[in-house]
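Residue numbers (the numbering used here), protein chains in the order written: chain A, 1 to 321; chain B, 322 to 642. Below: the structure, in structure tokens.
Following this line, the structure appears as structure tokens:
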């Protein structure tokens with residue numbers, strides 16, 4: 001039994017390794033080699049916490065297990081701890097024995113960033129120059145940092161409901177040597193790629209804020225009721241997702257589906273594009289939209305990768321279990 | 322973060338501690354202080370394994386977490402490992418951080434044995450003298466050993482589909498200094514308490530095999546389709562369970578419910594008897610029946626108890642996580 005504590009993850013895990021792990025497991029999901037289990041998510045009636053389990057099995061990568069944890073909204077204020085707390089547990093699929101326990105907090109941020117990057121690699125125009133950020137919180141910095149590696153972006157534009165948070169992403173742009181500009185939402189028509197990463201319950205980005213040819217990654221909606229973009233945008237776009245079942249129920253597509261603007265069959269798995277069984281973008285003026293809902297297999301994939309890295313570097317703690 | 326490996330459990334955990342933990346959490350479930358999450362159970366399509374998660378939260382005991390694992394039918398033959406493999410993970414309900422990891426194999430056997438014992442304590446006649454075992458496998462030895470502590474039993478009678486396994490329980494009876502006798506199923510009318518612990522898909526114990534005044538604990542049925550006793554027996558008995566929702570769907574009561582012999586309202590939580598809000602047995606010729614389906618909170622309760630014992634004895638492995 002191997003343990004990789006949270007504090008070791010930052011030095012171990014690379015954006016490249018997270019990208020490869022997530023790309024591979026999206027492909028395995030689309031080919032039927034990997035599947036996610038039903039999600040358990042409970043408001044436990046204590047500390048206003050949401051707690052649950054996201055599990056899955058990747059027959060190709062032989063990765064079995066779950067991420068357990070959730071959202072403790074009072075952690076930061078009361079205890080100086082981050083509000084999202086999670087741990088990944090991997091099991092040996094040959095025997096059912098616990099194999100590894102891995103801190104899941106930073107990994108969750110990295111796998112979410114990797115998901116939008118995978119969508120950019122496979123769906124954005126090759127000549128994309130301007131990337132737009134809707135949202136400028138902590139997670140937005142991860143999304144932008146990873147996205148900047150996917151195309152030769154020459155400019156970052158950003159909008160946030162609280163403009164005083166924009167320096168978060170301006171700093172990431174500066175680190176990458178890319179100029180940053182704050183814009184209003186209609187200004188997003190300048191972008192070739194847009195990442196939306198908010199926890200809003202009403203749309204900010206409207207269909208008319210998105211120019212033809214843009215790739216939009218909606219990364220914030222993971223719950224019934226949340227919404228980042230106008231439902232009409234999904235009708236105008238070619239829609240892709242990590243997992244269709246989540247996309248239509250708790251993802252960004254829930255609203256376009258409910259309003260009858262698109263059907264379940266209109267949504268394709270991004271893994272099918274990776275595998276080459278779906279053509280993905282077929283023209284330069286097509287809008288592509290990735291509904292990133294977040295699945296347990298992503299967590300297992302990056303945790304498995306970090307365990308391998310920790311073993312190689314002699315950092316994994318071995319416990320006789 | 323504390324770790325209690327599987328190999329330490331046998332020396333740490335007592336039947337008394339398991340009994341107390343299970344009795345307390347059944348009471349908390351009935352009073353609404355504790356609840357189980359939806360169960361995830363998946364045939365993963367690898368090694369014929371069934372894998373999943375049973376979680377819950379006990380607001381009274383502040384126990385939060387899950388048991389993960391399942392059934393790997395080829396373990397013993399292929400690898401010399403036991404087929405049931407599980408691990409319990411406890412979380413701090415105040416913060417969401419992982420708190421303890423505990424080997425769950427022996428604990429599962431002990432908590433299952435504790436459940437029938439709790440039902441015997443609260444539902445069997447005080448003057449019960451003869452205990453009958455239907456089933457004589459590995460788990461039957463745990464059930465019998467724990468049950469013998471609940472009344473002044475003077476005789477053990479036993480039946481098993483494969484009679485060559487009866488020495489398993491005969492040995493437990495001998496250890497306790499109680500005579501053992503193999504019987505056929507009609508011979509079970511001699512018993513004051515009957516524990517059924519098989520993994521059958523058709524009933525062995527029929528209503529006419531059970532005398533008035535008997536307490537029956539059905540401990541083997543935890544899946545749709547399994548059945549240990551004739552459905553008519555439930556119509557004749559006062560039926561109790563750990564959790565009503567499981568009892569009617571995957572427990573022994575599923576068949577009596579499906580056949581319209583009893584209704585959901587006819588089934589009471591054994592925790593209500595513990596709490597005194599249900600009178601339990603009200604006459605000496607009443608048949609009481611406990612449908613023990615097995616809930617995640619039992620696993621969490623015994624794991625929490627064993628962590629306390631391990632800390633007291635300095636055996637818990639501390640890992641900086």
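Backbone N, C-alpha and C define an ideal beta-carbon position, used for all residues, glycine too.
If I measure Cβ to Cβ from residue i and keep anything under 6 Å in the same chain, skipping five residues before and after, which residues do I get?
i	result
residue 336 of chain B	467
residue 103 of chain A	5, 6, 9
residue 348 of chain B	592, 595, 596
residue 440 of chain B	538, 591, 611
residue 268 of chain A	240, 278
residue 53 of chain A	40, 66, 68
residue 99 of chain A	90, 91, 92
Residues in its own chain within less than 7 Å of residue i by CB, not counting five upstream and five downstream?
i	result
residue 10 of chain A	106
residue 71 of chain A	49, 50, 83, 84
residue 530 of chain B	506, 507, 509, 510
residue 141 of chain A	168, 169, 172
residue 108 of chain A	84, 86, 299
residue 236 of chain A	207, 287
Within the continuous alpha helix (DSSP H) that includes residue i, where are the two ends?
i	result
residue 107 of chain A	105-123
residue 289 of chain B	Absent from the model: residue 289 of chain B. The displayed extent of chain B is 322 to 642, so no value can be given.
residue 368 of chain B	Premise fails: residue 368 of chain B is in no alpha helix (DSSP H) and is neither H nor E.
residue 630 of chain B	617-633
Just reading off the beta strand (DSSP E) that residue i is part of, what are its end residues?
i	result
residue 241 of chain A	238-241
residue 590 of chain B	588-590
residue 357 of chain B	355-357
residue 68 of chain A	63-71
residue 288 of chain A	288-291
residue 379 of chain B	371-379
residue 43 of chain A	40-43
What's the call for residue i, buried or exposed, on a 16-neighbour Cβ count within 10 Å?
i	result
residue 161 of chain A	exposed
residue 414 of chain B	buried
residue 522 of chain B	exposed
residue 117 of chain A	buried
residue 604 of chain B	exposed
residue 598 of chain B	exposed
residue 496 of chain B	exposed
residue 398 of chain B	exposed
residue 308 of chain B	Nothing about residue 308 of chain B can be read from this structure; chain B reaches only from 322 to 642.
residue 151 of chain A	buried
residue 400 of chain B	exposed
residue 584 of chain B	exposed
residue 314 of chain A	exposed
residue 586 of chain B	exposed
Assuming residue i and residue j are in contact, meaning their beta carbons sit under 8 Å apart, how far apart are those beta carbons, in whole angstroms?
i	j	result
residue 347 of chain A	residue 233 of chain A	What is shown of chain A runs 1 to 321, which leaves residue 347 of chain A out entirely.
residue 517 of chain B	residue 456 of chain B	6 Å
residue 199 of chain A	residue 220 of chain A	6 Å
residue 203 of chain A	residue 182 of chain A	About 20 Å separates the two Cβ atoms, so there is no contact after all.
residue 453 of chain B	residue 479 of chain B	7 Å
residue 305 of chain A	residue 17 of chain A	5 Å
residue 630 of chain B	residue 350 of chain B	Contact flag wrong, Cβ pair sits at about 23 Å.
residue 214 of chain A	residue 192 of chain A	6 Å
residue 436 of chain B	residue 613 of chain B	5 Å
What does residue i reach in chain A if we use C-beta pairs closer than 7 Å?
i	result
residue 394 of chain B	Within 7 Å Cβ-Cβ: nothing; residue 394 of chain B doesn't reach chain A, min ~10 Å.
residue 641 of chain B	5
residue 638 of chain B	319
residue 358 of chain B	40, 42
What in chain B is Cβ-close to residue i, meaning under 8 Å?
i	result
residue 223 of chain A	What residue 223 of chain A touches in chain B: nothing, since even the nearest Cβ is about 17 Å away.
residue 81 of chain A	416, 418
residue 49 of chain A	414, 417
Closer than 8 Å by C-beta to residue i: which residues in its own chain qualify, once you throw out the five before and the five after it? Chain order, please.
i	result
residue 319 of chain A	1, 2, 3
residue 622 of chain B	342, 343, 345, 346, 379, 382, 384, 432
residue 526 of chain B	455, 506, 509, 515, 517, 537, 549, 550, 551, 554
residue 311 of chain A	2
Name the chain A residues whose beta carbon is nearer than 8 Å to that of residue i?
i	result
residue 398 of chain B	Neighbours of residue 398 of chain B on chain A: none; closest Cβ ~12 Å, over 8 Å.
residue 616 of chain B	Within chain A, no residue comes near residue 616 of chain B; the closest Cβ sits about 14 Å away, beyond 8 Å.
residue 424 of chain B	321
residue 564 of chain B	Correct list: empty, because the minimum Cβ distance to chain A is about 15 Å.
Which residues of chain A have a Cβ atom closer than 9 Å to the Cβ of residue i, listed in chain order?
i	result
residue 367 of chain B	57, 59, 62, 64, 93, 94
residue 390 of chain B	91, 96, 97, 98
Could you list which residues in chain B have their beta carbon closer than 7 Å to that of residue i, in chain order?
i	result
residue 87 of chain A	419
residue 32 of chain A	Neighbours of residue 32 of chain A on chain B: none; closest Cβ ~10 Å, over 7 Å.
Note down, in chain order, every chain B residue with its Cβ under 9 Å from the Cβ of residue i.
i	result
residue 53 of chain A	358, 361, 374, 376, 387, 389
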